[in-house]
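J.:
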Amino acid sequence: MEEQYRFPHKHILGIEELSSQDITFILNAAASFQEISRRPIKKVPTLRGKTVIHLFFEPSTRTRLSFEIAAKRMSADSFNISASTSSATKGESLIDTARNLTSMNPDIIVIRHSSSGSPHLLAEHIGASVINAGDGTHEHPSQSLLDMLTVREHKGKIQGLKIAIIGDIIHSRVAHSNILGFTKMGARVFVSGPATLIPQGVEEMGATVCSTVEEAIDDADVVMALRIQKERQFDPLFPSLREYASFFGINKNRIKKAKPDAIIMHPGPINRGVEMTFDVADGEQSVILDQVTNGVAVRMALLYLIMGGEER
Amino acid sequence: MSPTETLLLQNGRVIDPANQIDGPGDILIENGRIKTTGDAYSLQCPENGKTVDLQGKWLVPGLIDMHVHLREPGEEYKETIASGTKAAAAGGFTAVACMPNTNPVNDCQAVTALILSKAREAGFARVYPVGAISKNSAGTELAEFGELKQSGAVAVSDDGRPVANSQLMRRALEYSGNHDLLVISHSEEMSLSKNGVMNEGALATRLGLRGIPRVAEEIMIYRDLSLAQYVRRPIHIAHISTRESVALIRRAKEQGCMVTAETAPHYFSLTEKAVGQYDTKAKMNPPLRTQDDREAIFEGLKDGTIDVIATDHAPHSPREKELEFDQAANGIIGLETAVPLTMNLVRDNILSPSGMIELLSLQPARIIGVEGGSLSIGSAADITVIDPDKQFIYTKERVVSKNTNSPFLDWEFTGKAVLTIVGGKITFSEIEGIG
Numbered sequence: 001m002e003e004q005y006r007f008p009h010k011h012i013l014g015i016e017e018l019s020s021q022d023i024t025f026i027l028n029a030a031a032s033f034q035e036i037s038r039r040p041i042k043k044v045p046t047l048r049g050k051t052v053i054h055l056f057f058e059p060s061t062r063t064r065l066s067f068e069i070a071a072k073r074m075s076a077d078s079f080n081i082s083a084s085t086s087s088a089t090k091g092e093s094l095i096d097t098a099r100n101l102t103s104m105n106p107d108i109i110v111i112r113h114s115s116s117g118s119p120h121l122l123a124e125h126i127g128a129s130v131i132n133a134g135d136g137t138h139e140h141p142s143q144s145l146l147d148m149l150t151v152r153e154h155k156g157k158i159q160g161l162k163i164a165i166i167g168d169i170i171h172s173r174v175a176h177s178n179i180l181g182f183t184k185m186g187a188r189v190f191v192s193g194p195a196t197l198i199p200q201g202v203e204e205m206g207a208t209v210c211s212t213v214e215e216a217i218d219d220a221d222v223v224m225a226l227r228i229q230k231e232r233q234f235d236p237l238f239p240s241l242r243e244y245a246s247f248f249g250i251n252k253n254r255i256k257k258a259k260p261d262a263i264i265m266h267p268g269p270i271n272r273g274v275e276m277t278f279d280v281a282d283g284e285q286s287v288i289l290d291q292v293t294n295g296v297a298v299r300m301a302l303l304y305l306i307m308g309g310e311e312r
Numbered sequence: 313m314s315p316t317e318t319l320l321l322q323n324g325r326v327i328d329p330a331n332q333i334d335g336p337g338d339i340l341i342e343n344g345r346i347k348t349t350g351d352a353y354s355l356q357c358p359e360n361g362k363t364v365d366l367q368g369k370w371l372v373p374g375l376i377d378m379h380v381h382l383r384e385p386g387e388e389y390k391e392t393i394a395s396g397t398k399a400a401a402a403g404g405f406t407a408v409a410c411m412p413n414t415n416p417v418n419d420c421q422a423v424t425a426l427i428l429s430k431a432r433e434a435g436f437a438r439v440y441p442v443g444a445i446s447k448n449s450a451g452t453e454l455a456e457f458g459e460l461k462q463s464g465a466v467a468v469s470d471d472g473r474p475v476a477n478s479q480l481m482r483r484a485l486e487y488s489g490n491h492d493l494l495v496i497s498h499s500e501e502m503s504l505s506k507n508g509v510m511n512e513g514a515l516a517t518r519l520g521l522r523g524i525p526r527v528a529e530e531i532m533i534y535r536d537l538s539l540a541q542y543v544r545r546p547i548h549i550a551h552i553s554t555r556e557s558v559a560l561i562r563r564a565k566e567q568g569c570m571v572t573a574e575t576a577p578h579y580f581s582l583t584e585k586a587v588g589q590y591d592t593k594a595k596m597n598p599p600l601r602t603q604d605d606r607e608a609i610f611e612g613l614k615d616g617t618i619d620v621i622a623t624d625h626a627p628h629s630p631r632e633k634e635l636e637f638d639q640a641a642n643g644i645i646g647l648e649t650a651v652p653l654t655m656n657l658v659r660d661n662i663l664s665p666s667g668m669i670e671l672l673s674l675q676p677a678r679i680i681g682v683e684g685g686s687l688s689i690g691s692a693a694d695i696t697v698i699d700p701d702k703q704f705i706y707t708k709e710r711v712v713s714k715n716t717n718s719p720f721l722d723w724e725f726t727g728k729a730v731l732t733i734v735g736g737k738i739t740f741s742e743i744e745g746i747g
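Protein chains in written order, with the working numbering: chain A, 1 to 312; chain B, 313 to 747.
1) In chain B, which residues lie with their C-beta within 7 Å of the C-beta of residue 137/A?
2) Counting only beta-carbon atoms, is residue 589/B nearer than 8 Å to chain A?
3) I need the boundaries of the alpha helix (DSSP H) containing residue 578/B, first residue and last residue.
4) If you check the beta carbons only, do residue 131/A and residue 248/A fall under 8 Å apart?
5) Inspect the beta-carbon positions of residue 484/B and residue 445/B and report whether they are closer than 8 Å.
6) Please list the partners that residue 639/B has in chain A, where partner means a Cβ-to-Cβ separation under 7 Å.
7) So, for residue 497/B: in the same chain, excluding its five sequence neighbours on each side, which residues have a beta-carbon less than 8 Å away from its beta-carbon?
8) Output needed for residue 37/A: all residues of its chain with C-beta closer than 7 Å, excluding positions within five of it in sequence on either side, in chain order.
9) Can you list the residues of chain B that residue 101/A reaches, using a CB-CB cut of under 7 Å?
10) List, in chain order, every chain B residue whose beta-carbon is nearer than 9 Å to that of residue 68/A.
11) Kindly give me the distance between the Cβ atoms of residue 15/A and residue 180/A, rounded to whole angstroms, as I take these residues to be in contact under 8 Å.
12) What did DSSP end up calling residue 469/B once you bin it into helix, strand or coil?
13) Should residue 520/B and residue 9/A be called a contact, given that it needs their Cβ atoms to be closer than 8 Å?
14) The beta strand (DSSP E) with residue 726/B in it runs from where to where?
15) What does residue 504/B touch in chain A if you count any residue whose Cβ is under 8 Å from its own?
16) Going by the beta-carbon positions, is the gap between residue 270/A and residue 281/A smaller than 8 Å?
17) Taking a Cβ distance cut-off of 9 Å, strictly less, list which residues of the segment 513–539 of chain B are near chain A, in chain order.
18) Is it buried or exposed for residue 351/B, if we count other Cβ within 10 angstroms and need 16 for buried?
19) When you check each C-beta in the segment 628–654 of chain B against every C-beta of chain A, which residues fall closer than 9 Å?
20) In the DSSP assignment, the beta strand (DSSP E) including residue 222/A goes from what residue to what residue?
21) In chain order, what residues of the same chain lie with their CB nearer than 6 Å to the CB of residue 417/B, ignoring the 5 residues before and after it?
22) Could you tell me the distance, in whole angstroms, from the CA atom of residue 229/A to the CA atom of residue 136/A?
23) Run through chain B and tell me which residues come within less than 9 Å of residue 200/A, C-beta to C-beta.
24) In chain order, what residues of the same chain lie with their CB nearer than 8 Å to the CB of residue 306/A, ignoring the 5 residues before and after it?
25) What number of angstroms, rounded off, separates the C-alpha of residue 432/B from the C-alpha of residue 654/B?
26) At a CB distance below 9 Å, what residues from the segment 201–220 of chain A approach chain B? Give them in sequence order.
27) Which runs of the beta strand (DSSP E) at least 3 residues long sit entirely within the segment 94–122 of chain A? Give them in chain order.
28) Helix, strand or coil: which one does DSSP assign to residue 336/B?
29) Which residues does DSSP list as the beta-bridge partners of residue 190/A?
30) When burial is assigned at 16 or more other CB atoms within 10 Å of the CB, is residue 314/B buried or exposed?
31) Just the Cα atoms here: how many angstroms apart are residue 545/B and residue 557/B?
32) If you follow the beta strand (DSSP E) that residue 405/B is in, where does it begin and where does it stop?
33) How about residue 529/B and residue 553/B: are their beta carbons less than 8 Å apart?
34) Give me the subset of the segment 174–195 of chain A whose CB atoms are less than 8 Å from a CB atom of chain B, sorted by chain position.
35) Would you mind reading off the limits of the alpha helix (DSSP H) that contains residue 430/B?
36) Can you name the residues of chain B whose CB is closer than 7 Å to the CB of residue 121/A?
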């Protein structure tokens, strides 16, 4: 007899640590939570008495709000610390911050930080569960999970799909998590963009690198554009936004190469007219706003599962 | 250095590549010098002296580490000349050459003199200061090589802040000839390595860490070899870490370039995999590379392309190391693990015992032009005794250096220095009855 599956993770540090079974379990839980957000009274008592701290060392609107809403809809007490108000500006180290937070007995720390691996460092020095809400250029697991949920909703499956991820792969933690996540779930991932934005060894993570966007998009079920991260670029990596838009931007014409029912995704925020034209972002195939909706459900599921929840 | 002892070291395995000796023998030390040498049990100890039987142990010329950071002046919370040289003695080193990236930078007589006086005061090891190539290591004007040499510097280097300007490097190589100073190159093309924190490649990509490409090292080695060859001056390349770096140096030597090169024990003992889950104890510059590079380092050590093993001993406190990986400082301590890590190569038949001593003693002495490196009669009694079979675990509590930033903590080792003698004075002993 098969042993009953229990969600085995205390922390959500990256997609790398999750198995396909874990991912399916999270997506199922998230799907079951979606309904709560459609109720007139959008609140369940599941995490009553639990303390969630959102520790954001980098600016964020969507992710932070999404985590906060998720925590509140689960009845957890949630608190926000952002870089400008934390002791990081006074020179306190992350380990000291972790020790101080531990003294206040939180249950979950949701961290966003510009240094890759900072959630791992925090997890080593804190008793609470840690959720990575984006670390440097490493991973953004909750974004990848909501992307997978969105694809599954629209396509009914993930297995066997062709996923094209276009743009700034090297600086994108979303791309890294999605390459790992979609390949774990049996999809094929193709990436393309300026060669200066494709990291060395990305093939070893499971992606196929294409030299043209057309090649990557060809016959794709999902086309995902990434934001050009000007804040992470230390040197000029491509000539101009104008040239980027013309050779790597997702426009009506390029979309024709994909399957007719392909969906268009973007983790946001969009530089409209650069990564994606206005008409594509707002067009019929765009599921960008569904991604945002699903973000709340996925984060509710993560909070629930790492607190030891069982399948509802 | 005083007091010196009269000491008969008896029946050790004397390994002295300078004199092509590898066999059982005795050495008598008197008045800080090697008085006589002879076959095992052939020498008599004078009445006032002590006799030590070294059955099963290696008796070798004092080890010399030509690349360390002692952090004094300026960063005494990381290491002092006293604590660093004490760690050197515990690792079997009788002499070290210390890099100039202190605060202030060692670019003048005053700093060099301070280092030498602190070293004399401490008395654990001979210290050979390396002066800066450029004033304040800023990479614009040459430092005063003549004054540095007169005050005791043995070489010049802008280690840690490599010379970006090729014209300045050329001038340094040329002008060093007037003062018989060796130029040591930290070869790194900074425009390629900027903001990088580990070896570039699939692992860095997976960890989301910015890579340092191997070409950043290789391009600069090629530049410096070309310049040295062009102006016909010797050059020493510090801490090489890649396959192509070894190949470039091998080819330059074949072409008659007066180049010598060093690598560090971590480059032949570890690969980038040691970074694991963001372990800052595996963060250094140049970064740990791949197994293929490691094997090329083995070959370079074997065929003499690499002349020296030097540790790049770089102490940092938890303030610089217990941080996010990209925020943490580069560097690890190395003085106490160099012998055991090199012993691993001897056991794996990559090096002979005599080859090991060439790399750790004879060659560095010749390259920086200092006494030592041999057990010749009449030379200063700088002697290291290595017990090749001694097993130990390098625990945090055991560390002699002021800080413990080593990726080798809790490693089990076989083989270590058990007695260190500098000018006839015992600076470290784990042998019962002496020290």
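A virtual CB, placed ideally from N, CA and C, is assigned to each residue, including glycine.
T.: For this structure:
1) Here the neighbours are 520.
2) With 8 Å as the cut-off, residue 589/B counts as an interface residue toward chain A.
3) First-last of the alpha helix (DSSP H) with residue 578/B: 577–581.
4) In this structure, residue 248/A does not lie closer than 8 Å to residue 131/A by Cβ.
5) Yes, Cβ-Cβ distance for residue 484/B and residue 445/B is below 8 Å.
6) Within chain A, the residues near residue 639/B are 115.
7) If we look at residue 497/B and ignore the five residues flanking it on each side, its Cβ neighbours are 469, 474, 475, 481, 532, 533, 536, 547, 548, 549, 550.
8) In the same chain as residue 37/A, and ignoring 5 residues on each side of it, the C-beta atoms closer than 7 Å to its own belong to 73, 296, 297, in chain order.
9) In chain order: nothing, as chain B lies at least about 16 Å away.
10) For residue 68/A, there are no C-beta contacts with chain B under 9 Å, since the nearest C-beta of that chain is about 24 Å from it.
11) Rounded, the Cβ-Cβ distance is 4 Å, consistent with contact.
12) Reduced to three states, the DSSP call for residue 469/B is strand.
13) Contact: no.
14) Boundaries of the beta strand (DSSP E) around residue 726/B: 724–734.
15) Going along chain A, no residue has its Cβ under 8 Å from residue 504/B, so there is no contact; the nearest lies around 10 Å.
16) Yes; because the gap between Cβ atoms is below 8 Å, this pair is in contact.
17) Per Cβ criterion, the list reads 513, 514, 515, 516, 517, 518, 519, 520, 521, 522, 523, 525.
18) Residue environment analysis places residue 351/B among the exposed positions, since fewer than 16 neighbouring C-beta atoms fall within 10 angstroms of its C-beta.
19) If you check each beta-carbon in the segment 628–654 of chain B against every beta-carbon of chain A, the ones closer than 9 Å belong to 630, 631, 634, 635, 636, 637, 638, 639.
20) Element bounds for residue 222/A: 222–225.
21) These residues qualify, in order along the chain: 444, 448, 449.
22) The straight-line gap separating the alpha-carbon atoms of residue 229/A and residue 136/A is approximately 11 Å.
23) Within 9 Å of the CB of residue 200/A, the CB atoms of chain B belong to 512, 513, 514, 516, 517, 523, 525, in sequence order along the chain.
24) In chain order, 7, 9, 10, 11, 12, 108, 129, 131 place their CB closer than 8 Å to the CB of residue 306/A, counting only its own chain and leaving out the 5 sequence neighbours on each side.
25) Across the structure, residue 432/B and residue 654/B are spaced so that their CA atoms are roughly 29 Å apart.
26) Answer set for the segment 201–220 of chain A: 201, 202, 203, 204, 205.
27) DSSP runs (the beta strand (DSSP E)) wholly in the segment 94–122 of chain A: 108–113.
28) Residue 336/B sits in a strand when the DSSP states are folded into three classes.
29) For residue 190/A, which the question treats as bridged, DSSP gives the partners 164/A, 208/A.
30) Residue confidence is low: residue 314/B scores 46 on pLDDT, short of 50, so the model does not pin down where it sits. Its coordinate-derived value is still stated next. When all chains shown are included, residue 314/B counts as exposed.
31) Roughly 19 Å between the two C-alpha positions.
32) Looking at the DSSP string, the run of the beta strand (DSSP E) that includes residue 405/B is 405–410.
33) It is a contact, given that the beta carbons lie within the stated cut-off.
34) Of all residues in the segment 174–195 of chain A, 176 have a Cβ within less than 8 Å of some Cβ in chain B.
35) That run of the alpha helix (DSSP H) goes 421–434.
36) Per Cβ cutoff of 7 Å: 590, 636.
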